[in-house]
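Shown next, in structure tokens, is the structure this report addresses.
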Amino acid sequence: MQILQCENLTKIYRNKKQTVRAADNISFSIKKGELVGLLGPNGAGKTTTIKCLCRLLNPTSGKIHIDGFDVIKNPRIAYEKAAAVLEGNRNIYWRMSTKENLKLFAGLQGYSYKQVKNKIEELVEIFGLQEKISTEARFLSRGMQQKLAIACALIKNTKILFLDEPTLGLDVEAIYEVRNLLKGKISSEGKTIFLSSHNMGVVEDVCKRVIIINHGKIVADEEIKKIKELFRVNTYRFEIEGKIGEQIKKEFLKRFLGVRFSTDESKTEIIIDLKDSIRIYEVLEILKKRGVKLLNIQNIEPDFEEIYLELVKREK
Ligand SMILES: Nc1ncnc2c1ncn2[C@@H]1O[C@H](COP(=O)(O)OP(=O)(O)OP(=O)(O)O)[C@@H](O)[C@H]1O
Ligand SMILES: [Mg+2]
Numbered sequence: 037m038q039i040l041q042c043e044n045l046t047k048i049y050r051n052k053k054q055t056v057r058a059a060d061n062i063s064f065s066i067k068k069g070e071l072v073g074l075l076g077p078n079g080a081g082k083t084t085t086i087k088c089l090c091r092l093l094n095p096t097s098g099k100i101h102i103d104g105f106d107v108i109k110n111p112r113i114a115y116e117k118a119a120a121v122l123e124g125n126r127n128i129y130w131r132m133s134t135k136e137n138l139k140l141f142a143g144l145q146g147y148s149y150k151q152v153k154n155k156i157e158e159l160v161e162i163f164g165l166q167e168k169i170s171t172e173a174r175f176l177s178r179g180m181q182q183k184l185a186i187a188c189a190l191i192k193n194t195k196i197l198f199l200d201e202p203t204l205g206l207d208v209e210a211i212y213e214v215r216n217l218l219k220g221k222i223s224s225e226g227k228t229i230f231l232s233s234h235n236m237g238v239v240e241d242v243c244k245r246v247i248i249i250n251h252g253k254i255v256a257d258e259e260i261k262k263i264k265e266l267f268r269v270n271t272y273r274f275e276i277e278g279k280i281g282e283q284i285k286k287e288f289l290k291r292f293l294g295v296r297f298s299t300d301e302s303k304t305e306i307i308i309d310l311k312d313s314i315r316i317y318e319v320l321e322i323l324k325k326r327g328v329k330l331l332n333i334q335n336i337e338p339d340f341e342e343i344y345l346e347l348v349k350r351e352k
């Protein structure tokens, strides 16, 4: 079942000086329980898209349904059905304490303190905010505020969660905690997550599918696994003993496209992109013929970050 349907979403910002098409005819849907990442360079339209989806912004045109409800006609439903953590502009109240904020967000959703007491304790512990339970949000560190913002979104206990840059400003340990929390506990509860991030590790780790946007348009919408397969040229690293002779170098360059060499004192690395892995035997043959000692062969995995950069560049 689809929990989110977004059809032809367009958001145009207009002021006296210029018109910006921040979201340009964006269409996609998300199934219940899916973990979807939203990637794109600065200014691509990620925050605009997420703000429109949770109806903090009024789209210029398009249709959005959350859990079957038309949230363009009825923005209130979006506030009830979805929880959001937004970049910069945090959802928490500065003059309320950690605990008061959590109680408030649960209360807005109709939960009594008794119903959520254990959950609050659990979240406070997960995010290491025990010592700051009575501290006003404005006196928390930036990272702690971000953690509290995520905790407040979680306490709402909605089916869908929008997270815009949830790990921004967090330290390595906290990023690790948030990552584990999202991909472990939260996803096992069957929640749907739509998450934007510049941290590829977080997206790759938490999400199965990724939507890449640039200049307000969708460039790719695919499972991360499939994107990687699509871009798979089998890259192999052959490590040989000693320096490589000029003759062998020439032979490699003549017979293969995309060959790189790097030599240090005792060994040389020959890196080759092979569309067809059967050609490994050709490489081995050349090395054998020339009496070169092979130390090691390795298949190098395609890197998701490189693929992403390639996709964005192509679109440009
Ligand atoms: N309130 C606004 N008024 C006018 N233009 C805006 C406004 N908010 C965003 N924009 C423009 O819309 C485009 C998309 O901005 P948006 O914040 O959605 O990008 P983003 O993908 O979230 O970028 P980042 O990775 O830097 O957070 C940019 O060109 C931006 O300058
Ligand atoms: Mg943004």
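Residue numbers (the working numbering): 37 to 352.
Ideal placement from N, C-alpha and C gives every residue a C-beta, glycine not left out.
So, with DSSP's three-state summary, where would you put K82?
helix
Would you call the CB atoms of P354 and S224 closer than 8 Å?
Past the boundaries of the shown model lies residue 354; the chain is included only from 37 to 352, so the question cannot be answered.
If we ignore side chains and look at the alpha-carbon of each, how far apart do V246 and P77 end up?
14 Å
Tell me whether R215 is buried or exposed, calling it buried when 16 or more other Cβ atoms sit within 10 Å of its Cβ.
buried
Would you check whether ligand 1 has a heavy atom nearer than 7 Å to the C-beta of E123?
yes
Locate the beta strand (DSSP E) running through Q41, then write down its first and last residues.
38-50
If you measure between the beta carbons of I229 and L184, is that distance less than 8 Å?
no
Under 8 Å between the Cβ atoms of L40 and S65?
yes
Leaving out five residues on either side along the sequence, give the residues of the same chain with a beta carbon under 6 Å from the beta carbon of V238.
T203, R215
Is T84 near ligand 1, with its Cβ less than 7 Å from a heavy atom?
yes
Is the stretch 127-138 close to the stretch 149-163, with three or more CB pairs under 8 Å?
yes
For Q182, which option in I284, G164, T194 has the closest C-alpha, if you only look at C-alpha atoms?
G164
In this structure, does DSSP put I308 in helix, strand or coil?
strand
D200 Cβ short of 7 Å to ligand 2 heavy atom set:
yes
Can you confirm whether the stretch 303-323 touches the stretch 284-293 when touching is taken to mean that 3 or more C-beta pairs between the two stretches lie within less than 8 Å?
yes
Going by the C-beta, is A80 closer than 7 Å to any heavy atom of ligand 1?
yes
Given a cut-off of 8 Å, decide if T55 and P95 are closer than it, judged by their beta-carbon atoms.
no
Measuring only the C-alpha atoms, how far is F175 from Y115?
27 Å
With DSSP as the reference, label K23 as helix, strand or coil.
The displayed coordinates of the chain run from 37 to 352. Any statement about residue 23 would go beyond what the structure contains.
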